[in-house]
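The next block holds one structure in the form of structure tokens; read it before the comments.
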Amino acid sequence: MLLVAVSSVNPLPKQVKIVEVGPRDGLQNEKLTVPTEVKLQFIDMLSETGLPVIEATSFVSPKWIPQMADQAEVTQGIRKRPGVVYPVLAPNLKGFQAAVSAVRVTLDLLQSNSQNAVLHAGSKQTTRPLYHGKPLSQVKAGADEVAIFSTVSELFAMKNANCSVEESLQRAEEVTRAAKAAGVRVRGYGSSGGLRGTPAPGYVSCVLGCPYEGHVSPDKVAQMAKHIYAMGCYEISLGDTIGVGTPGSMRAMLDAVSKEVPVDRLAVHCHDTYGQALANILVALQVLLSPYPPVACAYMGVSVVDSSVAGLGGCPYAPGASGNVATEDLVYMLHGLGIHTGVDLQKVMDAGAFICRFLNRRTSSKVAQASCRL
């Protein structure tokens, strides 16, 4: 009888790209309005952590998401750090046009009558130059990457975007067509698409369960992902929007999707409602190998993960959904596994403490909570 030894942890990627969604997905559900200056300081602090992607804001109607009413000011005010990408959510053509037309002021070239505005966020004091009159230089620097979204759930699509799944895909194609013409990269939430030749990531939401329809078939997710990939998306993020997934359901879903889409095109976006986010991410990272040659082919091993500092987040149209997996906890786990992220954990915790002081709430990060007691 042939016995095959199986490791408790299958092979893992050497490096993982973390997509920080705190400033947008993390703040959108907060009832306390966060001033623009606080958001910009928050993004500035995240920019210093080594995170390669920081989702900044959302060009949606302030009527539906009041927290994002200062979308243009945030986009204009970001001090962009070389090597960091700052995508913004643009669910339709109107949002895309607003996102890319924003003009960012070059803050280091201000007139001599510039003034300093002092911001207090808890015990932390920061300074950002403001100006009266015209700056010496302005640059056309709207969003360098936009995000679009859809879902596999018809009811969630109607609640979240007031349209059908098919209509949301049509909107996504309008955005990606315009993005191609403007030379802007496209990143999506829910399910999104890009025209062939356009670098575009797509997101499929509610992949492990819907707050309105319940169970979601892995095959349904796989077919949606296949459809998006065929459009030309360079990255497809699979979102457990309400955090009901388990390692078992995550594996079943990825098993189905990986038969339709190459693993290096996939990312995961996990909420931590039931405390399963890190376990689900670990399953997503693991490369599953057949022990029987000559098959021995890897068909799972995601290396892009979305997270939110301090575990901020929740979806306003997904009842019961808690925040995203905390970036601090994700980084701690990945570093413990010997996986490179390029992220400074202490600086991430500092950014989390900053925004939590303003929100007057406790961080949801277990790592940050434990570190405060040490």
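Residues in the sequence shown are numbered from 1 upward in steps of one, following the UniProt record's numbering. Idealized CB from N, CA, C, for every residue including glycine. In this text, all values refer to a predicted model and were calculated from it rather than measured experimentally.
Query raised in the report: Is the stretch 89–104 close to the stretch 165–178, with three or more CB pairs under 8 Å?
Result: The stretch 89–104, when compared against the stretch 165–178, does touch it at the 8 Å Cβ threshold.
Query raised in the report: Would you call Gly-214 buried or exposed, if buried means 16 or more other Cβ atoms sit within 10 Å of its Cβ?
Result: Answer is exposed; the Cβ neighbour count stays below 16.
Requested in this report: Count the other CB atoms, across all protein chains shown, that sit within 10 Å of the CB of Arg-362; report buried if there are 16 or more and exposed otherwise.
Outcome: Under a 10 Å Cβ-count criterion, Arg-362 is classified as exposed, with fewer than 16 other Cβ atoms of the shown protein chains found around its own Cβ.
Query - Cα-Cα separation, Val-257 to Gly-248 - result: Using only the alpha carbons, I get a separation of about 14 Å.
Requested in this report: Measure the CB-CB distance between Glu-55 and Ala-147 and report whether it falls below 9 Å.
Outcome: In contact: Glu-55 and Ala-147 (Cβ atoms closer than 9 Å).
Query raised in the report: Under three-state DSSP, which class holds Arg-185?
Result: Residue state, collapsed to three classes: strand.
Query raised in the report: Name the DSSP beta bridge partners of Gln-97, please?
Result: DSSP output for Gln-97 lists no bridge partner at all.
Query - Per DSSP, the bridge partner or partners of Ala-326 - result: Answer is Ser-308.
Query raised in the report: Do the stretch 302–314 and the stretch 260–267 meet, that is, are 3 or more Cβ pairs less than 8 Å apart?
Result: At 8 Å Cβ cutoff, the stretches touch.
Query raised in the report: Apart from the five residues just before and just after Ser-365, which ones in its own chain have a Cβ nearer than 8 Å to its Cβ?
Result: Result list for Ser-365: Val-309, Ala-310, Gly-311, Ala-326, Thr-327, Glu-328, Asp-329, Met-349 and Gly-352, in chain order.
Report task. Using only alpha-carbon positions, find the residue among Leu-337, Met-333 and Gly-342 that is nearest to Ala-368. Result -> For the residues Leu-337, Met-333 and Gly-342, the minimum Cα distance to Ala-368 belongs to Met-333.
Report task. Provide the residue(s) that pair with Leu-266 in DSSP beta bridges, ordered along the chain. Result -> Paired residues: Ile-236.
Query raised in the report: Within 10 angstroms of its Cβ, does Ile-101 collect 16 or more other Cβ (buried), or is it exposed?
Result: The question names Ile, but residue 101 in the sequence shown is Ser. Ser-101 is exposed by the Cβ-count criterion.
Query raised in the report: Are three or more beta carbon pairs between the stretch 271–286 and the stretch 222–235 nearer than 8 Å?
Result: Short answer: they don't touch.
Report task. Could you check what DSSP says for Ser-58 in three-state terms: helix, strand or coil? Result -> Note: Ser-58 maps to strand in three-state DSSP.
Query - Which residues DSSP lists as bridging Lys-17, in chain order - result: Within the DSSP secondary-structure output, Lys-17 pairs in a beta bridge with Val-304.
**Report entry** Contacts around Met-45, its chain only, beta-carbon distance under 8 Å, and the 5 residues preceding and following it disregarded
**Finding:** So the list reads Lys-347, Asp-350, Ala-351 and Phe-354, once near-sequence residues are dropped.
Query - Identity of the residues DSSP links to Val-348 by a beta bridge - result: Under DSSP, Val-348 takes part in no beta bridge, so it has no partner.
**Report entry** Contact under 9 Å by Cβ, Gln-71 with Thr-57
**Finding:** Going by beta carbons, Gln-71 and Thr-57 fall inside the 9 Å limit.
Query raised in the report: Whose C-beta lies closer than 7 Å to the C-beta of Val-99 among residues of the same chain, with five residues either side of it excluded?
Result: Per the sequence shown, residue 99 should be read as Ala rather than Val. Cβ neighbours of Ala-99 within its own chain (closer than 7 Å, five residues either side excluded): Phe-59, Thr-75, Val-88, Ala-90, Gly-142, Ala-143 and Val-146.
Query raised in the report: Hey, quick one: how far does the alpha helix (DSSP H) through Gln-256 stretch, first residue to last?
Result: What sits at residue 256 in the sequence shown is Ala, not Gln. From DSSP, the alpha helix (DSSP H) with Ala-256 extends over 247–257.
Requested in this report: Below 8 Å on the Cβ atoms is my guess for Pro-23 versus Ile-43; work out the distance and round it to an integer in Å.
Outcome: About 5 Å; that satisfies the 8 Å criterion.
Query raised in the report: When DSSP labels each residue in this structure, what does Val-146 get in the three-state scheme?
Result: In the structure shown, Val-146 sits in a strand (DSSP, three-state: E or B).
Query raised in the report: First and last residue of the alpha helix (DSSP H) that includes Ser-47?
Result: If you look at Ser-47, you'll find it in the alpha helix (DSSP H) that goes 36–47.
Query raised in the report: Using a Cβ-Cβ cut-off of 7 Å (strictly less than) and excluding sequence neighbours within five positions of Ser-322, which residues of its own chain qualify?
Result: Closer than 7 Å at Cβ, skipping near neighbours: Gly-243, His-271, Asp-272, Thr-273 and Gly-314.
**Report entry** Buried or exposed (CB count within 10 angstroms, at least 16 for buried), Ser-217
**Finding:** Residue environment for Ser-217: exposed (fewer than 16 other C-beta atoms within 10 angstroms of its C-beta).
Query raised in the report: Excluding sequence positions up to five away, which residues of its chain have a Cβ less than 6 Å from the Cβ of Val-85?
Result: Taking C-beta separations shorter than 6 Å and ignoring five residues to either side along the sequence, the partners of Val-85 in its chain run Val-53 and Glu-145, following chain order.
Query raised in the report: Relative to the alpha-carbon of Gln-223, which residue among Val-204, Cys-210 and Lys-39 has its alpha-carbon at the smallest distance?
Result: Of Val-204, Cys-210 and Lys-39, the residue nearest in Cα terms is Val-204.
Query raised in the report: Measuring CA to CA, which of Leu-51, Thr-33 and Gly-342 is closest to Val-21?
Result: Of all alpha-carbon atoms in Leu-51, Thr-33 and Gly-342, the one lying nearest the alpha-carbon of Val-21 is that of Leu-51.
Requested in this report: Using beta-carbon positions only, say whether Leu-32 and Asn-360 come within less than 9 Å of one another.
Outcome: Yes, they are a contact pair.
Report task. For Lys-63, count neighbouring Cβ atoms within 10 angstroms of its own Cβ and tell me buried if that reaches 16, exposed if not. Result -> When all chains shown are included, Lys-63 counts as exposed.
Query raised in the report: Helix or strand or just coil, what does DSSP make of His-335?
Result: In the structure shown, the three-state DSSP call for His-335 is helix.
Query raised in the report: Val-175 by DSSP, collapsed to three states: which one?
Result: Here Val-175 carries a helix assignment [DSSP, helix/strand/coil].
Query - alpha helix (DSSP H) segment containing Ile-281, residue limits - result: Counting along the chain, the alpha helix (DSSP H) containing Ile-281 begins and ends at 277–285.
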